[in-house]
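The structure appears below as structure tokens.
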Amino acid sequence: MVTVAGRKKMIGEVEINLKGLMEIDRKRVIHVASIPGRSHDMIMGTDLLGPGECYVRFKHKNWRVKLGQKSYRVRETEKLDEPIEINIVNVNEESGKFRKLFEKLTYKEGEILEATKRIKHRIDLIDDRPTYSKPRRYPVAFREIIREHIKEMLDTEVLRESVSTFNSPLWVVPKKLDKSGVQKYRVVVDYRELKKRTKTEKYPLPRLEEMIDRMSRSEIFSVIYLKSGYHQIPMETRDIEKTSFQFERGHYEYNRMPFGLRNAPATFQRLMDAVLKPLGMGFVQGYIDDLIIFSKSKTEHLRHLRVVFLRLREAGLTASASKSKFALESIHFLGYVISREGVAPARKKVQGILDAGVPQNQTEIRMINYYRRFTPNATEVCKPLTAALQKGGNVKDVKGFKEALEQVTDILCRLPTLRYPRFQSPLCGVYRRE
Numbered sequence: 068m069v070t071v072a073g074r075k076k077m078i079g080e081v082e083i084n085l086k087g088l089m090e091i092d093r094k095r096v097i098h099v100a101s102i103p104g105r106s107h108d109m110i111m112g113t114d115l116l117g118p119g120e121c122y123v124r125f126k127h128k129n130w131r132v133k134l135g136q137k138s139y140r141v142r143e144t145e146k147l148d149e150p151i152e153i154n155i156v157n158v159n160e161e162s163g164k165f166r167k168l169f170e171k172l173t174y175k176e177g178e179i180l181e182a183t184k185r186i187k188h189r190i191d192l193i194d195d196r197p198t199y200s201k202p203r204r205y206p207v208a209f210r211e212i213i214r215e216h217i218k219e220m221l222d223t224e225v226l227r228e229s230v231s232t233f234n235s236p237l238w239v240v241p242k243k244l245d246k247s248g249v250q251k252y253r254v255v256v257d258y259r260e261l262k263k264r265t266k267t268e269k270y271p272l273p274r275l276e277e278m279i280d281r282m283s284r285s286e287i288f289s290v291i292y293l294k295s296g297y298h299q300i301p302m303e304t305r306d307i308e309k310t311s312f313q314f315e316r317g318h319y320e321y322n323r324m325p326f327g328l329r330n331a332p333a334t335f336q337r338l339m340d341a342v343l344k345p346l347g348m349g350f351v352q353g354y355i356d357d358l359i360i361f362s363k364s365k366t367e368h369l370r371h372l373r374v375v376f377l378r379l380r381e382a383g384l385t386a387s388a389s390k391s392k393f394a395l396e397s398i399h400f401l402g403y404v405i406s407r408e409g410v411a412p413a414r415k416k417v418q419g420i421l422d423a424g425v426p427q428n429q430t431e432i433r434m435i436n437y438y439r440r441f442t443p444n445a446t447e448v449c450k451p452l453t454a455a456l457q458k459g460g461n462v463k464d465v466k467g468f469k470e471a472l473e474q475v476t477d478i479l480c481r482l483p484t485l486r487y488p489r490f491q492s493p494l495c496g497v498y499r500r501e
């Protein structure tokens, strides 16, 4: 494994003297990746193996490569699904300014998370009657997790003690495994009863198709994730009591917007639109707490990032240094992989569809239908899927469902890429006559 001292997840072009490894008296420039948790000295691709002799036994997945007088055993691996990262702080001479600017924007462990002054979250109820749900009994294994969570939220002033007549039950849900394989948990409040009596705010989220259109033909992408984004939005003072919950001998309520409230996504999207609106839509888009910056070149990208950083600082918003990714050739966004080449389905999502087998309900059918744009003549091919949705997810009585499912999944398995249209060139339309 080749890494650069003092950097984590550093990827770029590195010049390595291969004399001794391959017994050839010359230098070659190859692309290398530092992958946390791996013990291999180097992962070699076909461009590096080209000069040697390769022997493959497919039955046992056994590869041996002869380089000069030495023979090496090679392990088979899957294609890396994560996009390649480039450390943008090394792009040019402005790197020092970039690093300092981003450091001012990021959260430091132990600090109190700043709250924006641009917006407050309201909870408007259909009447003034308090909503009260009895606390639930928690497994013993979760109690210490909840105690630590409440202590952290009190220390960072996200929570405060409460005397409210409202109450919603607390629960613990598992998160995705982290990169080290450790299972972590999220403490959440079940606001379902409160949501039933909350007036709905009709603020629209951005359309995915329009967002993709704006990013078309961009060469370089960055994604900025806000640190506990919801907790950076303060609650309206009169509505704080409505967020209360009980645990053991304590009663608590949120100073900041918690997860699970009916209009929380709308409030966050309203904030993002207010912060980014002066910049236009030519190089930055906000989808709830995700910000995507896209540019035609590295120099332009650095300038765009600087402008976005300044806007976020002015709004009092804090970014997550560990989750934000810069100068990517492609990004994963809402189940798609977006790059300068076009749009493709995300490998993990397709694998999830295959692992699930025959869909058993409407949710699983909609998951497949989500990628219908990759199916040629989708209206005709996906008719059985649409019919099953209309029957409440019952696939047994739908003629041709199995064949349609196989056809759609076969297409998705190839991870097809939809190219962007070139509107400056003549366009050809193909029409199917019924």
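Here the working numbering is used: the first residue of the sequence shown is 68, the next is one more, and so on. A virtual CB, placed ideally from N, CA and C, is assigned to each residue, including glycine.
Separation of the CB atoms of Thr385 and Leu172 is rounded to 7 angstroms, and the pair is thereby assigned contact status at 8 angstroms. Taking a cut-off of 8 angstroms for Cβ pairs, the stretch 393-411 and the stretch 318-331 do not touch, as fewer than three such pairs fall below it. Distance check between Arg274 and each of Phe400, His371, Leu261 and Pro241 places Phe400 closest, using alpha-carbon atoms only. Inside the stretch 262-301, DSSP marks whole alpha helix (DSSP H) runs of 4 or more residues at positions 275-282, from first to last along the chain. DSSP places Leu358 inside the beta strand (DSSP E), whose first and last residues are Asp357 to Ser362.
Comparing C-alpha distances from Leu479 to each of Asn436, Asp340 and Val254 shows the shortest one belongs to Asn436. The continuous stretches of beta strand (DSSP E) do not include His216, which lies in the alpha helix (DSSP H) extending over residues Val207 to Asp222. Comparing alpha carbon positions, the residue from Arg284, Ile193, Glu170 and Asp257 closest to Phe490 is Arg284. For Leu395, the uninterrupted beta strand (DSSP E) run begins and ends at Lys392 to Leu395, by DSSP. Two segments are said to touch when three or more pairs of C-beta atoms, one from each, lie closer than 8 angstroms; by this definition the stretch 283-297 touches the stretch 358-369. Short of 8 angstroms from the beta carbon of Gln299, and not among the five residues preceding or following it, lie these beta carbons of its own chain, in chain order: Leu180, Glu181, Ala182, Thr183, Leu293, Arg323, Gly383, Leu384 and Thr385. In the structure shown, Gly419 adopts helical secondary structure according to DSSP, grouped into three states. Across the structure, Glu367 and Phe350 are spaced so that their CA atoms are roughly 10 angstroms apart. CA-to-CA, the gap between Val254 and Arg373 works out to about 35 angstroms. Where Pro412 is concerned, the enclosing beta strand (DSSP E) starts and stops at Val410 to Pro412.
DSSP lists Phe314 as the bridge partner or partners of Gly317. DSSP, read as helix, strand or coil, puts Ile405 in strand. Annotated three-state conformation of Ala388 is coil, per DSSP.
Here Ser229 is near Glu308, since their CB atoms are less than 8 angstroms apart. When beta bridges are read from the DSSP output, Gln427 appears opposite no residue. Counting C-beta pairs closer than 8 angstroms gives three or more between the stretch 418-435 and the stretch 444-459, which meets the contact rule.
Going by DSSP, Leu456 is part of the alpha helix (DSSP H) stretching over Lys450 to Gln457. DSSP, read as helix, strand or coil, puts Glu228 in strand. Secondary structure at Asn461: coil, using DSSP grouped into helix, strand and coil.
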